[in-house]
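**Student:** Dropping a structure here in structure tokens format, bear with me for questions.
Dropping the structure here:
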């Protein structure tokens, strides 16, 4: 079950657990502005193939605009 | 959107998967680093002085510099109020006794130029910048 985290926990996961940040918004919104270091993997094209850009050995943190 | 993506990634075999629910808007509002296609728009955080005068709620009024308006913050850096620059002759009590609680604040990603325009229009000289949790980040001066 995915775990909801806040900003402070995101910072901890990045610093201590080498987590991967993943933005799941469409291309235009990612291009306009994204978190420094975030990988782009839009929800609408999320598949076993596209998810290969992620490292299976590291935690994954997904985000969108505000969770809705 | 991110909850569905998190579940989908878990279904694809990734673990652990975390959902930063508050998302990009929360990150930006806290002044955290982002990559922007167009960074010409200045934001409040970029226009703010980052070390405004502060004091704790228990600071004696007698210890506050005359004519200055320190921001009252608690031990977590949360803005509690602001001591008025004009506070009369009476220097007894603490900052908490004389502060004006709940000053108006903006978040770090507030566009700076429209903010300065609103400040000019309403005669506001300074604006406190905080994170979404209310932690002090800086102080925007109108001029």
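Chains as they are written, first to last, in my numbering: chain F, 442 to 509; chain S, 199 to 341.
Beta carbons are placed, not taken as given, at the ideal position from N, Cα and C, and that holds for glycine.
Residue 227 (chain S) and residue 283 (chain S) look like a contact to me (Cβ under 8 Å); what is the Cβ gap, rounded to whole Å?
**Tutor:** Against the second chain, residue 227 (chain S) aligns to sequence position 29. Against the second chain, residue 283 (chain S) aligns to sequence position 85. Between residue 283 (chain S) and residue 227 (chain S) the Cβ distance is about 28 Å, and since that is not below 8 Å, they are no contact.
**Student:** I want to verify the contact list: residues of chain S whose CB lies under 9 Å from the CB of residue 529 (chain F), in sequence order.
**Tutor:** In the structure displayed, chain F extends from 442 to 509; residue 529 (chain F) sits before or after that span and is not available.
**Student:** Just how far apart, CA to CA, sit residue 200 (chain S) and residue 234 (chain S)?
**Tutor:** Translated into positions along the second chain, residue 200 (chain S) becomes position 2. Translated into positions along the second chain, residue 234 (chain S) becomes position 36. So the two alpha carbons sit approximately 21 Å from each other.
**Student:** Is the stretch 309 to 321 of chain S touching the stretch 235 to 244 of chain S in the sense that three or more CB pairs, one from each, lie closer than 8 Å?
**Tutor:** yes
**Student:** Can you list, in chain order, the residues of its chain with a C-beta nearer than 6 Å to that of residue 476 (chain F)? Leave out the 5 residues immediately preceding and following it.
**Tutor:** As a working mapping, residue 476 (chain F) is identified with position 35 in the first chain. Counting only Cβ-Cβ distances below 6 Å, and skipping sequence neighbours, we find 462.
**Student:** Determine the chain S residues that contact residue 451 (chain F) at a beta-carbon separation under 7 Å, and present them in chain order.
**Tutor:** Looking up residue 451 (chain F) in the first chain gives position 10. Here the neighbours are 218.
**Student:** Just to confirm the assignment, what range does the beta strand (DSSP E) spanning residue 445 (chain F) have?
**Tutor:** In the first chain, the residue the question calls residue 445 (chain F) occupies position 4. Where residue 445 (chain F) is concerned, the enclosing beta strand (DSSP E) stretches over 444 to 446.
**Student:** Taking residue 338 (chain S) as the reference, give the member of S:315, S:291, S:275 with the closest Cα.
**Tutor:** On the second chain, residue 338 (chain S) is found 140 positions in, with the first residue counted as 1. Nearest of S:315, S:291, S:275 to residue 338 (chain S), Cα basis: S:315.
**Student:** Can a CB atom of chain F be found closer than 9 Å to the CB of residue 360 (chain S)?
**Tutor:** Limits of chain S in this structure are 199 at one end and 341 at the other, which puts residue 360 (chain S) out of reach.
**Student:** Under 9 Å, Cβ to Cβ, is there at least one residue of chain S near residue 446 (chain F)?
**Tutor:** Counted from its first residue, the first chain places residue 446 (chain F) at position 5. Put simply, the CB of residue 446 (chain F) is near chain S, with a gap under 9 Å to one of its CB atoms.
**Student:** Could you give the distance in angstroms between the alpha-carbon of residue 214 (chain S) and the alpha-carbon of residue 447 (chain F)?
**Tutor:** Here residue 214 (chain S) corresponds to residue number 16 of the second chain, with the count starting at 1. Here residue 447 (chain F) corresponds to residue number 6 of the first chain, with the count starting at 1. In a straight line, the C-alpha of residue 214 (chain S) is about 15 Å away from that of residue 447 (chain F).
**Student:** Any beta carbon of chain F sitting closer than 9 Å to that of residue 243 (chain S)?
**Tutor:** Along the second chain, read from residue 1 onward, the residue named residue 243 (chain S) stands at position 45. Chain F, which has no Cβ nearer than 9 Å to the Cβ of residue 243 (chain S), makes this no.
**Student:** Could you tell me whether the Cβ of residue 200 (chain S) comes closer than 9 Å to any Cβ of chain F?
**Tutor:** Counting from 1 along the second chain, the entry for residue 200 (chain S) is found at position 2. Answer yes: the Cβ-Cβ gap between residue 200 (chain S) and chain F drops below 9 Å somewhere.
**Student:** Please go through the stretch 214 to 249 of chain S and give each complete alpha helix (DSSP H) segment of 4 or more residues, from N-terminal end onward.
**Tutor:** 221 to 227, 242 to 245
**Student:** What would DSSP say about residue 337 (chain S), mapped onto helix, strand or coil?
**Tutor:** For this step, residue 337 (chain S) is matched to residue 139 along the second chain. Reduced to three states, the DSSP call for residue 337 (chain S) is strand.
**Student:** By a C-beta neighbour count over all protein chains shown, 10 Å radius and 16 as the cutoff for buried, is residue 222 (chain S) buried or exposed?
**Tutor:** One-based indexing of the second chain puts residue 222 (chain S) at position 24. Its Cβ being crowded by 16 or more others within 10 Å, residue 222 (chain S) is buried.
**Student:** Under a three-way DSSP split, which group does residue 281 (chain S) fall into?
**Tutor:** As a position in the second chain, residue 281 (chain S) is number 83, starting the count at 1. Residue 281 (chain S): coil per DSSP, three-state reduction.
**Student:** Please state the DSSP three-state secondary structure of residue 451 (chain F).
**Tutor:** Start at 1 with the first residue of the first chain, and residue 451 (chain F) comes out as number 10. Residue 451 (chain F) falls in the helix class under three-state DSSP.
**Student:** Measure from the alpha carbon of residue 328 (chain S) to the alpha carbon of each residue in S:289, S:278, S:322, S:317, then state which is nearest.
**Tutor:** As a first step, residue 328 (chain S) is located in the second chain; it is residue number 130 there, counting from the start. Nearest neighbour of residue 328 (chain S) by Cα position, chosen from S:289, S:278, S:322, S:317, turns out to be S:278.
**Student:** For residue 290 (chain S) versus residue 268 (chain S), is the C-beta spacing smaller than 9 Å?
**Tutor:** The residue you call residue 290 (chain S) lines up with position 92 of the second chain. The residue you call residue 268 (chain S) lines up with position 70 of the second chain. No, these two residues do not count as a Cβ contact at 9 Å.
**Student:** Go through the stretch 290 to 321 of chain S residue by residue and report every complete run of the alpha helix (DSSP H) that reaches 4 residues or more, in order.
**Tutor:** 293 to 296, 310 to 320
**Student:** Going straight from the alpha carbon of residue 470 (chain F) to that of residue 292 (chain S), what length do you get?
**Tutor:** Your numbering for residue 470 (chain F) matches position 29 in the first chain. Your numbering for residue 292 (chain S) matches position 94 in the second chain. Their backbone Cα atoms lie some 48 Å apart in a straight line.
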